[in-house]
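Asks:
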Amino acid sequence: MKVLAIYGSPRKNGNSSQMLDHLVSFLPDYAKVEKLFLSEKNFSGCCATRDCKQLGYCPVQDDMQEIYKKLLWAEVIIFASSSQFSDVSVPVKKLMERTWWMKGILKNKIGAAVISGRRYMESTINTLSAFMLRHKMILGASPALAYTFTEMGEIDLDYLAFRDTEKLAQRITELYNLIYKQ
Ligand SMILES: Cc1cc2nc3c(=O)[nH]c(=O)nc-3n(C[C@H](O)[C@H](O)[C@H](O)COP(=O)(O)O)c2cc1C
0 MKVLAIYGSP
10 RKNGNSSQML
20 DHLVSFLPDY
30 AKVEKLFLSE
40 KNFSGCCATR
50 DCKQLGYCPV
60 QDDMQEIYKK
70 LLWAEVIIFA
80 SSSQFSDVSV
90 PVKKLMERTW
100 WMKGILKNKI
110 GAAVISGRRY
120 MESTINTLSA
130 FMLRHKMILG
140 ASPALAYTFT
150 EMGEIDLDYL
160 AFRDTEKLAQ
170 RITELYNLIY
180 KQ
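Residue 0 is where the sequence shown starts when you use numbering that gives the first Met the number 0, and the numbers rise one by one after that.
1) Just reading off the beta strand (DSSP E) that SER81 is part of, what are its end residues?
2) Is the closest heavy atom of ligand 1 to the C-beta of VAL147 under 7 Å?
3) By Cβ distance, which residues of its chain are closer than 7 Å to CYS45, with the 5 residues on each side in sequence left out?
4) Determine, using beta carbons only, whether VAL59 and LYS31 come nearer to each other than 8 Å.
5) Nearest CA to the CA of LEU19: which residue from TYR179, ASN176, ASP163?
6) So if DSSP puts ASP86 in a beta bridge, which residue, or which two residues, is it bridged to?
7) For LYS93 and PHE42, what's the separation of their Cα atoms in angstroms?
8) Using a Cβ-based criterion (distance less than 7 Å to any ligand heavy atom), does PHE84 qualify as near ligand 1?
9) Check whether the Cβ of TYR185 sits closer than 7 Å to any heavy atom of ligand 1, and report yes or no.
10) Taking 8 Å as the threshold (C-beta atoms), are LEU37 and VAL91 in contact?
11) Look up TYR158 in the DSSP assignment and say whether it is helix, strand or coil.
12) Helix, strand or coil, according to DSSP, for PHE25 in the structure here?
13) For the beta strand (DSSP E) containing ALA112, list its first residue and its last residue.
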């Protein structure tokens, strides 16, 4: 099971990162997990030149080039995002835009997401789910949520957050076994 865990918050060790760490710790021993911290990467959103339409790839030379390789490698892609102004964090949004040329290429990869927020997370759920479905990825469950107020470490105050994250790890494993272990 090749897993790309995408830590999408601007805060490396923040609430959504703690959720994703927890999820990863509940994946089976045979999972090979690559952790990607978007806050450490330097890349832009889509420049909308449409050059990728002719080329079949994105020609912008920044850290997305190494991220593309990781996306292609993965069988399972899991996003962690904070909810910011009712939607995904800026690094996650930039990554999404930059996958425009990849339509069809991420098809059938298993997708999942964890989201932390103070309270307004509906659009964040929708954006992440719609993104993965646009890529025809396979989703086995809704994103796991943590209601965390605003500070780091407050994930502990939401007793359902870790439980739902564990359930999501189980569901990813179930789906992986259905698809890959005939
Ligand atoms: C600029 C900004 C905007 C935010 N907007 C929202 C929001 O619209 N809805 C919400 O539920 N939480 C919002 N929050 C709170 C964060 O989502 C919350 O603190 C989250 O747990 C942070 O996750 P992180 O530690 O992984 O960054 C916002 C925080 C920041 C910094």
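From the three backbone atoms N, C-alpha and C, an ideal C-beta is built for every residue, glycine too.
Replies: A quick look at the data gives this:
1) 75-81
2) The sequence shown places Thr at residue 147, not Val. Yes - ligand 1 has a heavy atom lying nearer than 7 Å to the Cβ of THR147.
3) GLU96, ARG97, TRP99
4) no
5) ASP163
6) GLN83
7) 8 Å
8) yes
9) Any property of residue 185 remains undetermined from this structure, which presents the chain solely from 0 to 181.
10) yes
11) helix
12) coil
13) 109-116
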